[in-house]
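**Q** In our numbering, the protein residues as written are 10 to 325. Before anything else, here's the structure in question.
In structure tokens, the structure reads:
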């Protein structure tokens with residue numbers, strides 16, 4: 010049966026309910042959610058942060074939000090797998106668009122991101138951010154910690170991101186160490202999954218290395234995350250290079266030996282007991298992608314966040 014609507018991102022009159030756009034056409038908001046700056050009544054705000062000036066290898070993640078939105082069109086409004094539900098039946102989700110950044114003055118970037126994140130969070134909505142390189146997580150973490158206090162961090166990544174930092178650097182490889190030093194995250198309740206590189210300091214964060222993840226079942230990984238976070242308010246950050254380059258070639262610093270998208274999506278699906286208060290997907294760089302493999306993985310990670318939130322709301 011032909012679709013009954015088009016351009017749902019602009020024509021929708023409410024923040025719940027399925028869209029009817031065909032997968033190959035229509036305005037490309039995230040999962041066809043309504044584009045609006047009005048966050049009133051929204052349970053979740055999807056927000057793009059197109060910044061990649063902090064990379065240490067290949068640039069291009071500034072195009073990540075566009076690519077993730079485009080790939081999300083494949084979610085064609087059937088019940089979403091593996092949740093077997095219309096995620097938007099009761100969960101009110103909007104696409105807030107992107108953060109406006111001054112491309113000629115990067116020193117202003119952290120404060121700009123933090124200020125806009127804080128504005129969105131003030132509404133009480135859950136903030137789901139689409140990067141951008143991994144530096145964007147730093148100011149977003151600060152905005153969340155200002156509300157919740159020191160957070161547990163669940164980091165899916167090939168890199169620890171704990172390299173030395175003078176507190177002023179704009180660097181996607183040092184924000185985790187800075188977050189520990191400044192009391193934004195609690196290292197005793199934080200965990201990194203998929204690490205396949207070495208850094209000088211782990212700051213007491215638990216690490217599941219790539220070889221650990223290879224040997225573990227998805228349920229065991231999810232249990233380790235749940236045990237480590239121990240009921241604390243948790244921020245989940247997903248660097249797409251956590252996945253092996255076979256499943257995510259479109260990223261700035263790919264590292265061989267990582268897990269499959271299927272395994273890590275299964276981990277996310279089983280994180281039902283983690284008190285997630287904010288989340289992101291970062292480092293999707295579509296210029297290095299093939300057939301949207303990486304963007305599809307990134308959009309599916311973001312969809313899983315929404316699935317967990319929809320289930321949480323249904324439970325009350």
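Positions of the beta carbon are idealized from the N, C-alpha and C atoms, including for glycine.
Does the Cβ of residue 308 have 16 or more other Cβ atoms within 10 Å, making it buried, or fewer, making it exposed?
**A** buried
**Q** Applying the criterion that 16 or more other CB atoms from any shown protein chain within 10 Å of the CB defines a buried residue, is residue 143 buried or exposed?
**A** Of the residues assessed, residue 143 falls on the buried side of the cut-off, its CB having 16 or more other CB atoms within 10 angstroms.
**Q** Below 8 angstroms, can you find three or more Cβ-Cβ pairs linking the segment 144-153 to the segment 118-131?
**A** For the pair of segments examined, the segment 144-153 was found to touch the segment 118-131: the number of CB pairs separated by less than 8 angstroms reaches three.
**Q** Specify the secondary structure class of residue 169 as computed by DSSP and reduced to three states.
**A** coil
**Q** Count the other CB atoms, across all protein chains shown, that sit within 10 Å of the CB of residue 228; report buried if there are 16 or more and exposed otherwise.
**A** exposed
**Q** Find out if the Cβ-Cβ distance for the pair residue 97, residue 26 is shorter than 8 angstroms.
**A** yes
**Q** Report, in whole angstroms, the separation of the C-beta atoms of residue 286 and residue 139, which I expect to be a contact under 8 angstroms.
**A** Contact doesn't hold; Cβ gap of about 17 angstroms is too wide.
**Q** Can you grab the Cα-Cα spacing for the pair residue 9 / residue 323, in whole Å?
**A** No statement about residue 9 is possible, as the shown extent of the chain runs from 10 to 325 and does not include it.
**Q** Alpha carbons only, please: which of 188, 153 and 154 is nearest the one belonging to residue 169?
**A** Nearest of 188, 153 and 154 to residue 169, Cα basis: 188.
**Q** Across which residues does DSSP place residue 244 in a beta bridge pair?
**A** 162 and 287
**Q** Measuring CA to CA, which of 158, 292 and 246 is closest to residue 263?
**A** Relative to residue 263, the option among 158, 292 and 246 whose CA is nearest is 292.
**Q** Measuring straight from C-alpha to C-alpha, what distance separates residue 128 and residue 110?
**A** Distance between the alpha carbons of residue 128 and residue 110: 16 angstroms.
**Q** Just curious, the beta strand (DSSP E) that residue 75 is in, first and last residue?
**A** Counting along the chain, residue 75 falls outside any beta strand (DSSP E), though it belongs to the alpha helix (DSSP H) covering 73-80.
**Q** So, for residue 80: in the same chain, excluding its five sequence neighbours on each side, which residues have a beta-carbon less than 6 angstroms away from its beta-carbon?
**A** 301, 304, 305 and 308
**Q** For the pair the segment 197-216 and the segment 168-183, tell me if three or more CB-CB distances fall below 8 angstroms.
**A** Contact holds: three or more Cβ-Cβ distances are below 8 angstroms.
**Q** Can you give, in chain order, each stretch of the alpha helix (DSSP H) that sits fully within the segment 50-128 and has at least 4 residues?
**A** 73-80
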